[in-house]
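>
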Amino acid sequence: VGVSVQPLPSVRERSRCAEVETEVDRYTDSYKIAIEEHRAALRREVNQVRHNKMSALHSHHEELQTRSEHTSHAVIFGQELLAEASDIELLSLVTPLLQRLEWCNAGEVIAAIKVSDCLQFLPEERAGVINSHPIYGVVTTQAVSPYHCELQTEGLLNCRIHKKAEFTLSTFDCEKQPVCHGGTQVVAELQYRDAAQRRVAVHVADQGDGTYVLAFNPDSSGNMNLSVTIQGKHIHGSPFNVSVSTLRPHPGVYHCCTFCSSNGSKDALCGCGGRMPGGYRGCGHGHTGHPGRRHWSCCGNLLHNSECSRIPDAFQFTL
1 VGVSVQPLPS
11 VRERSRCAEV
21 ETEVDRYTDS
31 YKIAIEEHRA
41 ALRREVNQVR
51 HNKMSALHSH
61 HEELQTRSEH
71 TSHAVIFGQE
81 LLAEASDIEL
91 LSLVTPLLQR
101 LEWCNAGEVI
111 AAIKVSDCLQ
121 FLPEERAGVI
131 NSHPIYGVVT
141 TQAVSPYHCE
151 LQTEGLLNCR
161 IHKKAEFTLS
171 TFDCEKQPVC
181 HGGTQVVAEL
191 QYRDAAQRRV
201 AVHVADQGDG
211 TYVLAFNPDS
221 SGNMNLSVTI
231 QGKHIHGSPF
241 NVSVSTLRPH
251 PGVYHCCTFC
261 SSNGSKDALC
271 GCGGRMPGGY
281 RGCGHGHTGH
291 PGRRHWSCCG
301 NLLHNSECSR
311 IPDAFQFTL
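Residue 188 in the UniProt record's numbering sits at position 188 of the sequence shown, with consecutive numbering throughout.
(1) Report the start-end ranges of each alpha helix (DSSP H) in the segment 106-186 that is 4 residues or longer and not cut off at the edges.
(2) On the criterion of 16 or more Cβ atoms from any shown chain inside 10 Å, does P96 qualify as buried, or is it exposed?
(3) Go to Y212, then tell me how far its beta strand (DSSP E) extends in each direction, as first and last residue.
(4) Looking at G274: is its Cβ nearer than 8 Å to the Cβ of G289?
(5) Can you tell me whether H277 is buried or exposed, with buried defined as 16 or more other CB within 10 angstroms of its CB?
(6) Using DSSP with H/G/I as helix, E/B as strand and the rest coil, what is G292?
(7) The beta strand (DSSP E) with L226 in it runs from where to where?
(8) Bridge partners of V204, per DSSP?
(9) What three-state label does DSSP hand Y254 in the structure shown?
(10) Between the alpha carbons of L157 and C283, how many angstroms are there, rounded?
(11) Return the CA-CA distance between F315 and Q177, expressed in angstroms with no decimal places.
(12) So is H250 buried or exposed if we call it buried at 16+ other beta carbons inside 10 Å?
(13) In this structure, how does DSSP classify L93 when only helix, strand and coil are distinguished?
(14) Taking only three categories from DSSP, how would you classify K53?
(15) Quick check on the DSSP output: the beta strand (DSSP E) that includes N241 runs from which residue to which?
Here is the structure:
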């Protein structure tokens with residue numbers, strides 16, 4: 001009867017498995033330590049926030065108590081003044097009494113006596129690196145106020161078809177302080193005014209520092225509306241006007257240099273500003289001002305598929 005013998009693992013295989021197990025244990029142990037350190041740090045932050053809020057509440061309570069006592073004294077004094085003072089005494093004391101009552105009833109001071117109840121844990125926000133491990137989760141007392149958020153609007157009226165446009169949204173809290181973390185749900189919609197069903201996709205990129213980049217690539221010219229909302233509420237200025245136009249074509253030639261494209265003409269000009277010696281008005285290879293690569297003769301732009309940046313002659317003037 002034949003007996004089959006199962007091959008035993010080699011010494012090398014057993015050694016390699018043991019090494020990998022050690023690496024796994026070392027990594028997970030280090031990661032556990034990092035997580036525990038981060039948890040302890042987060043708990044310290046929460047405790048500090050609790051202490052600060054309780055201190056603020058105590059301070060505000062004392063302020064209100066003081067104002068309440070002063071108000072009671074002023075009211076009692078006023079009642080006694082009306083009941084017992086002579087006309088001369090009443091006339092001499094009525095102004096300071098009214099000033100005192102106005103101070104006690106200062107609405108802006110009372111309204112400022114408040115403590116924000118905002119305290120959030122954002123588990124998806126990157127918190128840094130501990131023991132070479134990226135750690136996530138931050139505690140914040142800031143809440144985004146949609147009304148105070150601002151969108152960079154420069155360039156919204158000068159968008160070009162088939163050209164990516166990017167604009168930065170900065171978030172702020174109700175006290176107009178910049179929000180220093182990401183994680184806010186920003187919704188942006190771009191649609192043509194002449195046809196509400198025609199929309200252009202807007203990509204929102206969270207930068208993790210309280211700013212968000214809105215990017216879109218319009219496919220046709222026209223006037224559009226860009227609405228930006230946070231928590232279902234429009235930010236300040238939303239919806240924004242967006243104007244999209246066609247790219248300005250290049251009236252020149254995409255050449256290596258003026259000397260070559262003009263067959264050596266001394267009168268030919270180039271938008272790059274370079275000039276060859278010897279009376280030439282245009283650029284040449286290796287000479288001062290030449291950009292070192294092919295470019296447009298009309299404006300000097302290096303990119304072949306680009307918009308001409310030269311101001312049309314009809315709009316050029318001298319003061």
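All residues carry an ideal CB built from backbone N, CA and C; glycine is no exception.
Taking the coordinates as given:
(1) Unbroken alpha helix (DSSP H) runs of no fewer than 4 residues, entirely contained in the segment 106-186, are found at 107-112, following chain order.
(2) If you draw a 10 Å sphere on the C-beta of P96, you find fewer than 16 other C-beta atoms in it, and that means exposed.
(3) Judged by DSSP secondary structure, Y212 falls within the beta strand (DSSP E) whose first and last residues are T211 to F216.
(4) Yes, the pair counts as a contact, with Cβ atoms nearer than the cut-off.
(5) Checking the sequence, you will find Pro at residue 277 rather than His. By the beta-carbon neighbour count (other beta carbons within 10 angstroms, threshold 16), P277 is exposed.
(6) The answer is coil: DSSP assigns G292 none of H, G, I, E or B.
(7) Unbroken beta strand (DSSP E) run through L226: G222 to I230.
(8) Paired residues: L214.
(9) It is a strand residue.
(10) Rounded to whole angstroms, L157 and C283 show a C-alpha spacing of 35 Å.
(11) Low confidence applies here, because F315 scores a pLDDT of 39, under 50, leaving its location unreliable and the question unanswered by this model.
(12) Counting every other CB atom within 10 Å of its CB across the protein chains shown gives H250 a total of 16 or more, marking it as buried.
(13) Helix at L93.
(14) When DSSP states are grouped into helix, strand and coil, K53 belongs to the helix group.
(15) For N241, the enclosing beta strand (DSSP E) begins and ends at F240 to S245.
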